[in-house]
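Take a look at the structure below.
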Amino acid sequence: MKINNLPNILLITTDQQKASATGIYGNKTVKTSMWGQFAKEGVTFERCFSTSPICAPSRISILTGMYPLTHGVTCNHNDPEHVNKSLRQLPELLNESGYETACIGNGLGDLSGGWDYNIDFYDSAYGLNDIFKQADELSRKVKPLNGWISGVHPVSAKNGVAAKTTDYALQYVEKQRKKPFFLHAAYMEPHPPYFPPEPYASMYNPDEIDLPENPDVLNRPKWQNEAAREMNIDKATEIDIKLAIARYYGLISYADEQIERLLDKLKESGILENTWIIITSDHGDYAGEHGLFAKSEALYDCLLHVPLVIRAPDGALSPGKRIGEMVQLVDIFSTICEIAGVKVPDLCQSYSLIPYMNGLKNVFKRQAVFAAVGGNINKKASFPQGMPVRGIHSDVIKMVRTTNRKYINDESNGHEYYDLDKDPDEIHNIFAGSDNSEIIEMKDLLFSWEENCKKYLINK
């Protein structure tokens, strides 16, 4: 149903799903049929990067079209007062343009506003707090990984968080309304602890899981070894690690099937005929890479490279196309503005992805992507859901990445530089042995980006 000639917009996010744990990005083990079908109907962006390796900064970038250094949220413990008040968030802009806005699932609390409906699953009113607490309590008993890794959640799949996200989303979109909707369906999975319900907990045979290549403990940053010891990963056996990855995949498949259920129902009801759909994840997960699990305030590709597929109504625009250019989650802001016919604010660090889908030749192409994280004064371990103490940084660390090089500016733990052509897994830090001209060029790119971020802070 078309209302006021404006299309509906559905933004679907999973939480902590790296691109390499998705079938359409080359993973031959994990079962993600929804992504496979959706990619046939939409446009896949092969190299999409988050602006931060953790939840709040990344999601605020999507809603504001700005990087963390600009919008002010650089860690998960920032208070609402840190948010740059001069920035307009998507719900506000779309409200003014005739949309009804809703967020269902894993919300941002007071960091985000302007929603007409906000069903935040952390709110005890929705009865899902017990599911989160139960997973935490179970995970703290897991040995030898002491709270991080894997187990079976006793909740039934139909009553799990992913299923409830789909249930609430369907209740919302199927109701009668006089306005088009902008719905953010925010799925919690595959966020740790890795406790999927059955049959997903047993879906993958650990013996068939490939272990990622990892640096020797002597050749990786000191904080990573300390974080591994803090989480007892250094005591884990090979089967422990494989089982943890298998359970991570189980959560991904659980969310995949529930999102597929949502899309199938929308197709049956005819709602998809006038609905743009964007599916992505806020950031990635180590899942064994760098000898770690979950996330930390670090800037490796396993934490930043995320899946992104966009589908036009009825799949009418470039179905099955794959885009190899680098883009960022911050670009979702301008993309949604263009879909809704909303003027993008004059000061914006986001670029619409619609021209890529239209096949236009004069498309803005990012020569580099950027990310930032840290500034966390609350250095308190938050696992099994969050990060170890040694994965939390009081200084803000920053990154610039081109197609083949990456420079990480980390004053406290040591700078990092990677040749991504030779070392795509970012195992061999060659900062100390690199040609000075290469480092200077990357530092200049990062400095220019930081200066660009500063010019938006005048009215903060």
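Remember, our numbering sits 838 above the position in the sequence shown when you count from 1.
Each residue gets a CB set at the ideal place from its N, CA and C atoms; glycine is no exception.
Measure the CB-CB distance between residue i and residue j and report whether it falls below 8 Å.
i       : j       : result
Val990  : Glu1027 : no
Ala1000 : Gln875  : no
Asp1212 : Val1234 : Checking the displayed sequence, the identity of residue 1212 turns out to be Gly instead of Asp. Yes, they are a contact pair.
Thr1113 : Pro1145 : no
Gly998  : Tyr1042 : no
Ile1115 : Arg1085 : no
Leu1100 : Leu1008 : yes
Lys1080 : Pro1031 : no
Phe1131 : Tyr1124 : yes
Leu1021 : Tyr1006 : no
Met1164 : Phe887  : yes
Ala1082 : Tyr1038 : no
Ala1065 : Gly1229 : yes
Tyr905  : Val1201 : no
Leu928  : Leu901  : yes
Leu1185 : Tyr1294 : yes
Pro1034 : Tyr1092 : yes
Pro1183 : Arg926  : yes
Phe1269 : Glu1254 : yes
Ile1090 : Ala859  : yes
On the CB-based measure, 16 or more other CB atoms within 10 Å of its CB, does residue i come out buried or exposed?
i       : result
Ala963  : Only weak support is given to the placement of Ala963: the predicted model assigns it a pLDDT of 48, under 50, and the value that follows is read from those uncertain coordinates. Exposed, because fewer than 16 other Cβ atoms sit within 10 Å of the Cβ of Ala963.
Leu1141 : buried
Tyr955  : exposed
Gly1278 : One point to set straight first is that residue 1278 is Ile, not Gly, in the sequence displayed. Looking at its Cβ environment, which holds fewer than 16 other Cβ atoms inside 10 Å, Ile1278 is exposed.
Lys856  : buried
Glu1135 : buried
Asp1273 : exposed
Ile1077 : exposed
Trp986  : Bear in mind that a pLDDT of 49 at Trp986, under 50, signals an unreliable position, so the model cannot answer this.
Arg885  : buried
Ser1107 : exposed
Leu983  : For Leu983, the pLDDT reaches just 47, beneath the cut-off of 50, and the residue's location in the model is therefore unreliable, leaving the point undetermined.
Arg1160 : exposed
Glu879  : buried
Glu1012 : exposed
Glu1249 : exposed
Gly1271 : exposed
Ser1040 : exposed
Leu1198 : exposed
Phe959  : buried
Lys981  : For Lys981, the pLDDT reaches just 48, beneath the cut-off of 50, and the residue's location in the model is therefore unreliable, leaving the point undetermined.
Thr1075 : exposed
Gln1062 : buried
Gly1126 : buried
Ser1232 : exposed
Phe1285 : exposed
Gln1014 : exposed
Bridge partners for residue i per DSSP, in chain order?
i       : result
Ile1161 : Phe883
His991  : Pro1035
Ala1023 : Ile850 and Ile942
Asp958  : Gly943
Gly1212 : Val1234
Trp1114 : Ile847
Gln1166 : Phe887
Lys1244 : Arg1239 and Tyr1256
Ser1119 : Thr852
His1143 : Phe887
Arg1149 : Ile1115
Val1207 : Arg1239
My guess is that residue i and residue j are in contact by the Cβ rule of under 8 Å, so how many angstroms apart are they, rounded?
i       : j       : result
Ser890  : Ala1209 : 6 Å
Glu1098 : Ser896  : With a Cβ gap of about 24 Å, Glu1098 and Ser896 do not count as contacting.
Cys893  : Asp1120 : 6 Å
Gly903  : Ser1188 : 3 Å
Asp1094 : Asn944  : Actually they are not in contact, since the Cβ atoms of Asp1094 and Asn944 sit about 16 Å apart, beyond 8 Å.
Val1180 : Ser899  : Actually they are not in contact, since the Cβ atoms of Val1180 and Ser899 sit about 17 Å apart, beyond 8 Å.
Val861  : Trp873  : The sequence shown places Gly at residue 861, not Val. With 8 Å as the limit, Gly861 and Trp873 qualify as a contact, their Cβ atoms being about 6 Å apart.
Leu1283 : Ala1206 : 5 Å
Asn1214 : Cys913  : 4 Å
Leu1258 : Lys1281 : Their Cβ separation, rounded to whole angstroms, is 17 Å, which puts Leu1258 and Lys1281 out of contact at 8 Å.
Thr1241 : Glu1046 : Actually they are not in contact, since the Cβ atoms of Thr1241 and Glu1046 sit about 32 Å apart, beyond 8 Å.
Ile1071 : Gly1129 : 7 Å
Lys1236 : Asn1247 : 5 Å
Thr1118 : Thr939  : At roughly 18 Å, the Cβ-Cβ gap does not stay under 8 Å, so Thr1118 and Thr939 are not in contact.
Tyr937  : Lys1017 : 6 Å
Please check if any C-beta of chain D sits within less than 8 Å of the C-beta of residue i.
i       : result
Arg1149 : Chain labels in this structure do not include chain D; a single protein chain is all it has.
- [ ] Inspect the CB distances between the segment 847-854 and the segment 1161-1180 and report whether three or more fall short of 8 Å.
- [x] yes
Open item on the list: For the segment 900-915 against the segment 877-884, do three or more pairs of beta-carbon atoms, one drawn from each stretch, fall closer than 8 Å, so that the two count as touching?
Closed with: no
Task: Three CB pairs or more closer than 8 Å across the segment 1052-1070 and the segment 1257-1272 - done: yes
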